[in-house]
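Undergrad: Residue 728 in the working numbering is what sits at position 728 of the sequence shown, and the numbering runs on without skipping anything. Backbone N, C-alpha and C fix where the C-beta goes; we use that ideal spot for every residue, glycine too.
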Amino acid sequence: MAGSSGSLSRSGLRGREAELEELQALIASVARTGSSALTLIRGEPGIGKTTLLAEAVARAEAAGFCVGVGKADELHHIVPLSSLATCVLHGDRPLLSGDALADLAHRHDQRIRLVERLAEAIEARADSTPVLIALDDVQWADALSRFALTQLPRRLRTSPVLWMLTGRKGVGGPAEEIVAAVHDELPARTLSLGPLSGSAIGRLADDALGPAVDERVRELLDGAGGNPFLAVEMLAGLRTSDASGEPVPPGLVSGVRGRLKSLQPGTLRFLQMGAVLGRRFAFRDAAALCGGPSAPLIASLDEAVRAGLLDDDGDHLVFRHDLLRQAVYVDIPPSARKALHREAAGHLVAAGHQPIDAVSHILRGALPGDEEAVGLLRRAADDVLPVTPGLAADLATRALGLVPTARPSWFAVGEQAIVCLTRAGRNREALSTCDRLLECRPPVETFGRLQAALGGTLWNLDLAEELRHRAETALAVGGAAPEVEARLAALRALALSRGHDLRTAREAGENALRDAIAIGDREAHVQALFALGEIALNAGENAVALERFTALSAVDSAFSPEEIVAYQHMDDFACGERLLLKAAQRSGGLREAMLLWAQGQQHLGLGRLDDADADFVTMERLEDDVQVPVQQVNARVIRSWTALLRGEEETAREHLAAARERLAAKPNPGNTAAVRFLEALHADAEGDVGLAVDKVRRVQAEGPFLRWRLLRCWVESAIRMALRGADHELARDLAAQAEAHAARNPAVPTATGVAAQALGLVTHDLALLERSVRLLEAGPRPLVHASACADFGQALLAAGDRPRAVAALTRAHAAFAASGAHAAAAHVERELQNAGSHGRRAANRQRPVQGWEALTVSERKVARLIAEGHTNRAAAELLVVSPHTVNTHLTSAFRKMSVNSRVQLANLVRSLPDS
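#1: Rounded to whole angstroms, what's the CA-CA distance from K373 to D92? Just pull it up for me.
#2: Take D694 and list the residues in its own chain whose beta-carbon comes closer than 6 Å to its own, dropping the five residues that flank it on each side.
#3: Check for me: the beta strand (DSSP E) holding S192 runs from which residue to which?
#4: DSSP puts L135 in a beta bridge; with which residues?
#5: Can you tell me whether D727 is helix, strand or coil according to DSSP?
#6: Determine, using beta-carbon pairs with one atom in the region 73–86 and one in the region 139–155, whether at least three such pairs fall under 8 Å.
#7: Is L467 a contact residue of the ligand NAP, with contact defined as CB to any heavy atom under 6 Å?
#8: Taking DSSP as the reference, what is the three-state secondary structure of G43?
#9: Which value, in whole angstroms, describes the spacing of the CA atoms of G753 and G576?
#10: G292 to L135, Cα distance in whole Å?
#11: Give a yes or no on whether the C-beta atoms belonging to I719 and A755 are separated by under 7 Å.
#12: Would you be able to state if there are at least three C-beta pairs under 8 Å between the region 771–778 and the region 796–803?
#13: Rounded to a whole number of angstroms, what is the C-alpha to C-alpha distance between D312 and A286?
#14: Could you tell me the boundaries of the beta strand (DSSP E) in which D311 lies?
#15: Excluding the five sequence neighbours on either side, which residues of its own chain have a C-beta within less than 7 Å of the C-beta of L855, listed in chain order?
#16: Please specify which runs of the alpha helix (DSSP H), each continuous and at least 4 residues long, are wholly inside the region 353–414, giving them in chain order.
#17: By Cβ distance, which residues of its chain are closer than 7 Å to Q451, with the 5 residues on each side in sequence left out?
#18: With a cut-off of 8 Å, do at least 3 Cβ pairs link the region 477–484 to the region 503–512?
#19: With distance defined between alpha-carbon atoms, name the residue in A275, R781 and A612 nearest to A327.
#20: Just tell me which of M273, A835, V349 and S553 has its CA closest to the CA of R337.
#21: Taking three-plus beta-carbon pairs below 8 Å as touching, is the region 291–305 in contact with the region 47–58?
#22: Using a threshold of 7 Å, state whether the C-beta atoms of D684 and M721 are closer than that.
#23: In the DSSP output, what is P899 paired with across the bridge?
#24: What's the C-alpha gap between A593 and I866?
#25: So, with DSSP's three-state summary, where would you put L149?
#26: Note the first and the last residue of the continuous alpha helix (DSSP H) segment covering L20.
#27: Are the region 847–861 and the region 558–572 touching by the rule of at least three beta carbon pairs closer than 8 Å?
#28: Just mark S787 as buried or exposed, buried being the case when its beta carbon has 16 or more other beta carbons within 10 Å.
#29: According to DSSP, V318 sits in a beta bridge with which residue or residues?
#30: Looking at the strands, I want to know which residues DSSP matches up with L38.
#31: Can you tell me whether A680 is buried or exposed? The criterion is at least 16 other CB atoms within 10 Å of its CB, across all chains shown.
#32: Does the count of Cβ pairs from the region 515–523 and the region 531–542 closer than 8 Å reach three?
#33: Tell me whether P265 sits in a helix, a strand or coil according to DSSP, three-state version.
#34: Just to confirm before moving on: does the CB-CB distance between A119 and L96 stay below 7 Å?
#35: If you pair each beta-carbon of the region 113–127 with each one of the region 42–54, do three or more pairs fall below 8 Å?
#36: Return the Cβ separation of V628 and G425 in integer angstroms, given the expectation that the two are a contact with Cβ distance under 8 Å.
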C-alpha cells in the first residue's frame, strides 16, 4: 500500500463541517454584538473534541480575538485554579502574567474576591478586543476553576467574551454544572459530537494512505466505530507497517501495544514513568522516577517523539492524546502504579513543589499508616482552606482515614478535619467526625480541644443548647490547655446568649473575655467579644452591642459588618456609611455576603427600597455561590415586606414562598419568628385579621429577645393588627415591650419614637402620637417617620382636626412616595381624599417593567457609567458599592432595556434625550 506522507493533524475535522460552521457563527456573533456566549463540545474520548476546539481557536485568532487556551489534566485536578490558569497565562499576549496571577492568589484569600479580580482582568482586555477562553477536558478541572467557570461567564455576560469548553459525555459532571449555572443569563450551546459517518472515515483513509485504499482496510476501519482518533491510530499503524498482510488489531490498547513493541525497553519504561506523572510532565521528573541519570534517557525521549507518542513544547513533554497516555498507563500492573505514584509524590516534594502538587499521587499511592503522606495532605489542606474549603475538607478527611485509630496523631488530624469540614459548610459531617473521635476516649486535654473545635459547627447548626452542654462538660472534665479552656468558656457564653437568663450569659462572657486577654489567645478573644455582642443585642442594649462589636472589628476586621449594623441600631447611619465606604476600599478578608447584608440594612433604614432589594439579591446569590446560607430567610422576609409596601402582591407572595422554603433548611427560632410575622403581614393585607393576630401571638411565643429584635421598627404594624382583631391585651403587651426597649436605648430616636407611637396607638393619645412624630423626625428612618405621621394624621381626623390631619398625612404621603412605597402612599392618598384634600401631590405611579423608565435610580447611574466606558470595578468605586452590586444593577438594566452587550447599552444611552 502506497502511503501518503501528509499530516493527519486536520483529520479530526472530517465530517465536522456543520459543527465548525456553528462555531464560526458564534465567534462572529460575539465579535459583532459585543456580548458573551458559551459553548460546550461534548463527546466520547477520541471523538475529535480537541481538534475541533483547536480549529475554532485558530479561527477566533484570525478574527482578532485575544485567545486564552488551556487543558485540564486528570492528575492535576486537585491544584486550585490550575486548569483556568493554563487559559489566562496562554500565548504571547496572556490575559494575566504569571506574576499577576500569583499576586492575585496571594492577596485574595477568598474565592469570591479572587474570581472578581479575574473577571476585572478579563473585562479590561475585552474592552479593547473580543476574548476567547477555551478549556479542554473540563471534566478534570480543579474545584476552584470549576467554581470560577460557574461565576465568570455570568459576571462577564455584558462583555465580548466567548467561552469554549470540551468535556466527555456524562451526567451531572462539571461541564453540565457550568452550563446549568449560566443558561438563564447568556447564550449557552452544547455541541454533541457523534461518530463520524462512513464517508468521513473513508476520507480519513484517503488523507493518510492516498486514494488507493483497499477493501480490507475499510473493513478494519469499521472497528473504529466512527471514532476519528481510533481510526487515525489504525491508519498511522498501517502507514508505517510493512505490507505483510498481518491484520491490524481493532482496539486502541491493543493497537498502541503493537506500536510500543517496536520501542526500546528504556523508551517504554520512560513512557510509563511519564504516564504515571500525567499527560503533561517534566523530563527531569520522569528521569527521577526511572531511577538513573538523565543523559541516557535523551535517546528514549527522541524515540518516543519520533514515534508520535510525545510532543515536546520546550518546557514539558506531553502525550499527544490522553488516550495514548491511558493506554500506556493501563499496561502498568496496578500494584506497581500505586508504588510509582507514591514515589512520584515524594520526588515532587523533594524537588521543591508545593504539597498540593503531590496530592494527586498521594491519593493514588498512599497506604494506611503512611505518616509522611498524612503530613503532606494536612499541609495541602491548610494551604487551600481559604479558597477551596471543600477540597481542604476532602484532603483532611482522607488524611484521617490513613491514620490508624491507635496512633496519637489520629485526634490531631481529626481536629483539623472538623475545622475544614465546618469551613466548607459540611457541618453534619463535622459533627459526626467529632463524635466518632470522642467514642475512642481521647485524653482529657484532647477532649477539650475537640469540643472547642466543634463550637463553630454547633453554632452554624443552631444547636445552642447542645453547644452549651458540650462546653460545660469539657470545662467540668478539666485538663485542657489554658487557651482551650478560654475558648470553651467563650463558646459557653455564646450559647447562653440564646437563652432567657441573659444576666448569667453576660457574666459568663465577661469572665471569658478577661481570661482570653490574660492568656493572650486571639481565637478566645474573638469568640468572647462576639458572644458579648450577641448578648447585648438580645438584651436590647444597643450601645453596649456597639461597644462590643467595635472592639471585635478592631481585633478581626472580618466582623466589620456586625459593627456597621450595630451603628444602624443606634441610628448612626453616618458612621455606618463611613464604615461601608472603608470596607469597599479594602481588599480581601471581609465576608462579602454579610457586608452586603449590612449595606442592604443601611439602604433599607434610609428608605432606599430599590437599592436595599438589589443588595439582598446580590447577597443571596453570593451565599448560594459559596453554599453558606446565613441571612437568606431574613432577606426574603424584608423583600416580601417591601414588595407589599410597593403594592407588588404577586412578588410579595413569591418572596414569602421562598422564605418558607429557606426556613425549612434553617429552622432556628429567629428565622421562624421572622417568617411568622411576615405571614401575619400577608394575612392582614388579605383582610384575614384573625389569622394575622394568631401569627403575631406565635411570634410572641418564640421568646422575649426575638420579639424586640424582630419588631424594633415594625411593632406599630403588629399593634394595628392586634387592635383590628380586638386583642387589646396583645396590643398592650407589644406597646410595653417597645417602651422597655426605649428605656434601654434613650439616645436612639427610633426606639423612643416608636415607643411613643405604640403607646399612642393603644391609648388613642394624640399627644403621644404627636411626640412620636417629633422624635422620629430627628431620626434617620423616613419610612418609620412616615408611618408615625400617618397614624397621627388618622388620629387627628378622628378627633375632627382636619387641617392638622391633612398636613400630617401629606408629609406621610410624600415620604412613602419618595421611597417607592406606592401601596402605602396610595393608602394615605385615600385618607386624604376622604378628608376632602385634593391638592397636588406626587402621583403614585409605579415604574413600567421595560425601557429606560423601568430602571431604578441606581440602575440608571450604573448604566450611564458603563456606557461611558467604566468597568464594573470603576463604577463600584465611583458609587461606593460592591462590584457584585454593580453587576446586579447592570444585569437588571440589561433585562429591562432588552440589550445584551455594553456596546448596545452605550448606543441606547447615547440616544436618550437627556444624554
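TA: According to the structure data:
#1: Position 373 of the sequence shown, counted from the first residue, corresponds to residue 373. Position 92 of the sequence shown, counted from the first residue, corresponds to residue 92. A small correction: the amino acid at residue 373 is Ala; Lys does not occupy that position in the sequence shown. Near 39 Å, if we compare the C-alpha coordinates of D92 and A373.
#2: In the sequence shown, residue 694 corresponds to position 694, counting from 1. Closer than 6 Å at Cβ, skipping near neighbours: no residue.
#3: Numbered from its first residue, the sequence shown carries residue 192 at position 192. Here the beta strand (DSSP E) through S192 covers A188 to S192.
#4: Locating residue 135 in the sequence shown gives position 135, where the first residue counts as 1. BP columns for L135 point to G70 and L165.
#5: The sequence position of residue 727 within the sequence shown is 727, counting from 1. Looking at D727 - three-state DSSP - the assignment turns out to be coil, as it is neither helix nor strand.
#6: yes
#7: This structure lacks the ligand NAP; in fact it carries no ligand of any kind.
#8: Locating residue 43 in the sequence shown gives position 43, where the first residue counts as 1. The answer is strand: DSSP assigns G43 an E or B state.
#9: On the sequence shown, position 753 is the one that residue 753 refers to. On the sequence shown, position 576 is the one that residue 576 refers to. C-alpha separation (whole angstroms): 21 Å.
#10: Indexing the sequence shown from 1 puts residue 292 at position 292. Indexing the sequence shown from 1 puts residue 135 at position 135. Going by the C-alpha atoms only, they are around 36 Å apart.
#11: Sequence index remark: in the sequence shown, residue 719 carries index 719 (1-based). Sequence index remark: in the sequence shown, residue 755 carries index 755 (1-based). Contact: no.
#12: no
#13: For the purposes of this step, residue 312 is identified with residue 312 of the sequence shown, where counting begins at 1. For the purposes of this step, residue 286 is identified with residue 286 of the sequence shown, where counting begins at 1. Near 14 Å, if we compare the C-alpha coordinates of A286 and D312.
#14: Walking along the sequence shown from the start, residue 311 turns up at place 311. Segment L310 to D312, the beta strand (DSSP E) holding D311.
#15: Here residue 855 refers to the residue found at position 855 of the sequence shown. Once the five neighbours on either side are set aside, the close Cβ partners of L855 are A863, A893 and K896.
#16: 355–365, 371–384 and 389–402
#17: Taking the first residue of the sequence shown as position 1, residue 451 is located at position 451. Excluding residues within five positions, the ones whose Cβ falls inside 7 Å are R470, A471, A474 and L488.
#18: no
#19: Residue numbering aside, residue 327 sits at position 327 when the sequence shown is read from its first letter. Of the listed residues, the one whose Cα sits closest to A327 is A275.
#20: Counting from one through the sequence shown, the residue named residue 337 turns up at place 337. That would be M273, whose Cα lies nearest to the Cα of R337.
#21: no
#22: Sequence index remark: in the sequence shown, residue 684 carries index 684 (1-based). Sequence index remark: in the sequence shown, residue 721 carries index 721 (1-based). Contact: yes.
#23: What you label residue 899 is simply residue 899 of the sequence shown in a count that begins at 1. For clarity, residue 899 is Val in the given sequence; the question names Pro instead. Looking at the DSSP output, V899 shares a beta bridge with no other residue.
#24: Position 593 of the sequence shown holds residue 593. Position 866 of the sequence shown holds residue 866. If I take the Cα positions, the gap works out to 24 Å.
#25: Residue mapping note: residue 149 aligns to position 149 of the sequence shown, counting from 1. Of the three classes helix, strand and coil, the one that applies to L149 here is helix, per DSSP.
#26: Taking the sequence shown and counting its residues from 1, the one referred to as residue 20 is at position 20. E17 to T33 is the extent of the alpha helix (DSSP H) around L20.
#27: no
#28: Here residue 787 refers to the residue found at position 787 of the sequence shown. Buried is the call here.
#29: As a position in the sequence shown, residue 318 is number 318, starting the count at 1. Partner residues in the beta bridge of V318, as assigned by DSSP, are R280 and D311.
#30: Numbered from 1 along the sequence shown, position 38 holds the residue referred to as residue 38. Its beta-bridge partners are W163 and A188.
#31: By 1-based counting over the sequence shown, the position of residue 680 is 680. When all chains shown are included, A680 counts as buried.
#32: With fewer than three CB-CB distances shorter than 8 Å, the region 515–523 does not count as touching the region 531–542.
#33: As a first step, residue 265 is located in the sequence shown; it is residue number 265 there, counting from the start. Reduced to three states, the DSSP call for P265 is helix.
#34: As a working mapping, residue 119 is identified with position 119 in the sequence shown. As a working mapping, residue 96 is identified with position 96 in the sequence shown. The answer is no: Cβ separation not under 7 Å.
#35: no
#36: As a working mapping, residue 628 is identified with position 628 in the sequence shown. As a working mapping, residue 425 is identified with position 425 in the sequence shown. Confirmed, about 5 Å.
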